[in-house]
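Just so you know, the sequences run in chain order C and X. Just so we're aligned, residue 1 is where the first sequence starts under our numbering, counting upward by one. Just so we're aligned, residue 1 is where the second sequence starts under our numbering, counting upward by one. Positions of the beta carbon are idealized from the N, C-alpha and C atoms, including for glycine.
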Amino acid sequence: MLRYVVKRILLMLLSLWVIATLTFVLMKSIPGDPFTSEKKLPEQTLKNLMAHYHLDKPLPTQYLIYMKNLANFDLGFSIKSSTRSVNEIIADGFPVSAQLGIQAILIALILGIIMGSTAALRHNRLPDYAIMVLAVIGISIPSFVLAPFLQKYIGWQWDLLPIAGWGDFTHTILPSIALAFLPLALVTRLMRSSVLDVQGQDYIRTAQAKGLPPVRVFTHHILRNAIFPIITIMGPLVAGILTGSFVIEKIFSIPGLGKRFVEDIFNRDYPVIMGVTIFYSAFLILMNFIVDLVYTWVDPRVKLGEREVE
Amino acid sequence: MARLLEVDNLHVTFETYAGKVHAVRGVSFTLNKGETLAIVGESGSGKSVTAQSIMRLIPSPPGKITEGRILFEGDDLVQASKKKMLRIRGSKIGVIFQDPMTSLNPTMTVGKQIMEGLIWHQKINRHEAQKRALEMLRLVGIPNPEQRFHQYPHEFSGGMRQRVMIAMALASDPKILIADEPTTALDVTIQAQILELMQEIQKETETAIILITHDLGVVAEVAQRVAVMYGGKIVETGEVEEVFYRSRHPYTWGLMASMPRLDQRRDQELEPIPGTPPDLYDPPPGCPFADRCPYAMFICHEQMPETTQVSPTHQVACWLEDPRATPVNKEVKVNIR
Ligand SMILES: Nc1ncnc2c1ncn2[C@@H]1O[C@H](COP(=O)(O)OP(=O)(O)O)[C@@H](O)[C@H]1O
Ligand code: SF4
Ligand SMILES: [Mg+2]
Chain C
1 MLRYVVKRIL LMLLSLWVIA TLTFVLMKSI PGDPFTSEKK LPEQTLKNLM AHYHLDKPLP
61 TQYLIYMKNL ANFDLGFSIK SSTRSVNEII ADGFPVSAQL GIQAILIALI LGIIMGSTAA
121 LRHNRLPDYA IMVLAVIGIS IPSFVLAPFL QKYIGWQWDL LPIAGWGDFT HTILPSIALA
181 FLPLALVTRL MRSSVLDVQG QDYIRTAQAK GLPPVRVFTH HILRNAIFPI ITIMGPLVAG
241 ILTGSFVIEK IFSIPGLGKR FVEDIFNRDY PVIMGVTIFY SAFLILMNFI VDLVYTWVDP
301 RVKLGEREVE
Chain X
1 MARLLEVDNL HVTFETYAGK VHAVRGVSFT LNKGETLAIV GESGSGKSVT AQSIMRLIPS
61 PPGKITEGRI LFEGDDLVQA SKKKMLRIRG SKIGVIFQDP MTSLNPTMTV GKQIMEGLIW
121 HQKINRHEAQ KRALEMLRLV GIPNPEQRFH QYPHEFSGGM RQRVMIAMAL ASDPKILIAD
181 EPTTALDVTI QAQILELMQE IQKETETAII LITHDLGVVA EVAQRVAVMY GGKIVETGEV
241 EEVFYRSRHP YTWGLMASMP RLDQRRDQEL EPIPGTPPDL YDPPPGCPFA DRCPYAMFIC
301 HEQMPETTQV SPTHQVACWL EDPRATPVNK EVKVNIR
């Protein structure tokens, strides 16, 4: 157990180092620097700025400085708003994104499991068809189409919820729904096929042969076994929500990390782009690790370390 | 002997995309208290569907009992309410299925799976249920029951899992145990152990057993009576002695001939019955065995043979019983493993 966790942590650090290096190389290979788009700066000012951000040093030196700071959890300073460190920017934006993400995940999981199970239990009947049509819609409509649609009707025409912005809980509802839509459709579809699959298993027949009522067969025998595929896609699901947040936060003007990240890419704010990329990577790697731990915890057949790292 | 169960003219069909499958076509048999009745026949002959009908566990749709009665303790199970069936399943009639590797829930401890039915049926508390479950594990010969109780199915071997299935099926002390090919998926040595165990427990509990199998060797070892099924029908039924030594049906003769014999070398080919079972989508109007039967007469293809009472316990459905048929003499070599 301990050996496995240590091994996983070392592997995670290795992946992070590779990602950090790749990000560094990519950033440096893009033509132009953060100051190109500004109106022409005086020669001397530009030189001072370059020196301040170590941009005048040879690349290997820049790389070493970057890695050293990274090891100290120092992601450097933003170039556009030079008083703010990247760490501060993340600390400001991430909780907002996290709240949105968690709400979206909860909607996708809870509703998806309920809808998927309902469809399977009413297989080839009206509820099944209705839910599957919804799921196909959810998969085919991109969030940047759905979001303005929600804004127009629920936010503006019927005036039920705020159109955009960030403040109290009501502001989080529309963006959470928009963000949850695709994952909800995916979870619903997966849960439906998983329940159908488990329903046909021999051990379900055994449970029925014990004379257990259908409700108990579902809660104690079908559900627990049908949920495993959902746990395995949690990693990709979180990644999907994270990338989805770039678009959704922009559309709803939510001051989260996703919106900030997109803006800084346009501004070529190197330290912020690199810092947030590495932060996101670390976050996803950690989530995958947690998902694996949860999996071994709920599935008695899987022992830690037996399921090797991908 | 007290009659426990009576299946009378049971018909079961499945609506599939390809058409209607007549899986069971007029099956009748009885089961007495404390006895073991074996149902034998090639795969696809309708044995499992018959067993599932008794439990009313036919997947529906597509399956449906279209005709017949299943009398148990004064009730017709074909007509019984869902609620009534919940009280009968697992409490008065227990089942063991063929594949012990897939018949236990992989995410629930073995102990819980045994206790579950007990708590539900007998309205006893967890403590008593646990005591009973441990007792059952001990009875079916599982070493260290206290420790095994908390383990998951994947920690058990195939034979041990089948023991768990038996413990589970018998925990509520049912009147009838239906064992659908309980040893087919197991090694030969384990097979013998499981059969022995079932017999031992039967002696203690006086449970009546319906043993479904395609293996005549198994029948000889444990059953008192046999029903031979073919093409959704029972073609011959009688006491083990009668069916093994005085069989009157060509299909039974074929089964006997395809049984491994002691005087046969291991590498010697068994003699299977040539041909394939009838198409149950469009069953022939006559004897289901007619296409493969070496003694088939013209009438066999046209009309179902009547059931003839050979002795008070021995019945056979074959046109050879008709006085107008040419007598045949088939010496059946039987050798019990
Ligand atoms: N769920 C089902 N759907 C359609 N056909 C079925 C189903 N279950 C059984 N059958 C058909 O019923 C016939 C008898 O099957 P079964 O009772 O399982 O045979 P066996 O004697 O091997 O136990 C087979 O032809 C099979 O195709
Ligand atoms: S009825 Fe005819 S075909 Fe059927 S078993 Fe008897 S002889 Fe053979
Ligand atoms: Mg079968």
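Buried/exposed call for residue i, threshold 16 Cβ in 10 Å
| i | result |
| --- | --- |
| residue 76 of chain C | buried |
| residue 65 of chain X | buried |
| residue 17 of chain X | exposed |
| residue 73 of chain C | exposed |
| residue 26 of chain C | exposed |
| residue 14 of chain C | exposed |
| residue 132 of chain X | buried |
| residue 143 of chain X | exposed |
| residue 111 of chain X | buried |
| residue 133 of chain C | exposed |
| residue 333 of chain X | In this prediction, residue 333 of chain X scores a pLDDT of 47, lower than 50, which makes its location untrustworthy; no coordinate-derived value is stated. |
| residue 123 of chain C | exposed |
| residue 22 of chain X | buried |
| residue 252 of chain X | buried |
| residue 266 of chain C | exposed |
| residue 120 of chain X | buried |
Three-way DSSP call (helix, strand, coil) for residue i in this model
| i | result |
| --- | --- |
| residue 63 of chain X | strand |
| residue 180 of chain X | strand |
| residue 315 of chain X | strand |
| residue 6 of chain X | strand |
| residue 85 of chain C | strand |
| residue 326 of chain X | coil |
| residue 160 of chain X | helix |
| residue 221 of chain C | helix |
| residue 97 of chain C | helix |
| residue 333 of chain X | Low local confidence applies: a pLDDT of 47 at residue 333 of chain X is under 50, so the model's placement there is unreliable, with the coordinate-based value given in what follows. Coil, per DSSP. |
| residue 310 of chain C | For residue 310 of chain C, the predicted structure reports a pLDDT of 33, less than 50, and the residue's modelled location is therefore unreliable. A value from the coordinates is still provided. Looking at residue 310 of chain C - three-state DSSP - the assignment turns out to be coil, as it is neither helix nor strand. |
| residue 52 of chain X | helix |
| residue 233 of chain X | strand |
| residue 249 of chain X | coil |
| residue 199 of chain C | helix |
| residue 149 of chain C | helix |
Chain C contact for residue i (CB, 8 Å cutoff)
| i | result |
| --- | --- |
| residue 212 of chain X | no |
| residue 147 of chain X | no |
| residue 116 of chain X | yes |
| residue 327 of chain X | no |
| residue 150 of chain X | no |
| residue 55 of chain X | yes |
| residue 99 of chain X | yes |
| residue 49 of chain X | no |
| residue 125 of chain X | no |
| residue 91 of chain X | yes |
| residue 237 of chain X | no |
| residue 285 of chain X | no |
| residue 154 of chain X | yes |
| residue 107 of chain X | yes |
Any C-beta of chain X under 8 Å from that of residue i
| i | result |
| --- | --- |
| residue 125 of chain C | no |
| residue 213 of chain C | yes |
| residue 310 of chain C | Because the pLDDT of residue 310 of chain C is 33, which lies under 50, any placement of that residue in the model is unreliable, and the question is left without a value. |
| residue 297 of chain C | no |
| residue 294 of chain C | no |
| residue 201 of chain C | yes |
| residue 7 of chain C | no |
| residue 290 of chain C | no |
| residue 210 of chain C | yes |
| residue 260 of chain C | no |
| residue 148 of chain C | no |
Minimum Cβ-Cβ distance from residue i to chain B less than 8 Å
| i | result |
| --- | --- |
| residue 157 of chain C | Chain labels in this structure do not include chain B; the protein chains are C and X. |
Neighbourhood of ligand 1 [Cβ distance below 6 Å to any heavy atom], ordered by chain position
Residues flagged by the Cβ proximity filter: X:14, X:16, X:21, X:23, X:41, X:43, X:44, X:45, X:46, X:47, X:48, X:49, X:59, X:62, X:63, X:280.
What are the residues in the region 221-246 of chain C lying within 7 Å of chain X by C-beta distance?
Contact residues of the region 221-246 of chain C toward chain X are 221, 224, 225 (C-beta to C-beta distance below 7 Å).
Of the residues that make up the region 57-69 of chain X, which ones have a beta carbon closer than 7 Å to any beta carbon in chain C?
So the list reads 57, given in the order they occur along the chain.
Tell me which residues pass a beta-carbon proximity test against ligand 2: closer than 5 Å to any heavy atom, given in chain order.
Every residue with a CB closer than 5 Å to a heavy atom of ligand 2 is listed here in chain order: X:250, X:287, X:289, X:290, X:293, X:295, X:296, X:300, X:305, X:318, X:319, X:320.
Along the region 173-206 of chain C, where does the CB come closer than 7 Å to a CB of chain X? Name the residues.
Contact annotation: in the region 173-206 of chain C, residues whose CB is within less than 7 Å of a CB in chain X are 201, 202, 203, 205, 206.
Contact list for the region 99-130 of chain C against chain X, Cβ threshold 7 Å:
If the cut-off is 7 Å between Cβ atoms, the region 99-130 of chain C has nothing near chain X.
Between the region 79-101 of chain C and chain X, which residues of the former have a C-beta closer than 7 Å to a C-beta of the latter?
Going along the region 79-101 of chain C in chain order, one finds no residue with a Cβ nearer than 7 Å to chain X.
May I ask you to list, following chain order, the residues of the region 262-275 of chain C that have a beta carbon less than 9 Å from some beta carbon of chain X?
Taken residue by residue, none of the region 262-275 of chain C has a beta-carbon sitting less than 9 Å from a beta-carbon on chain X.
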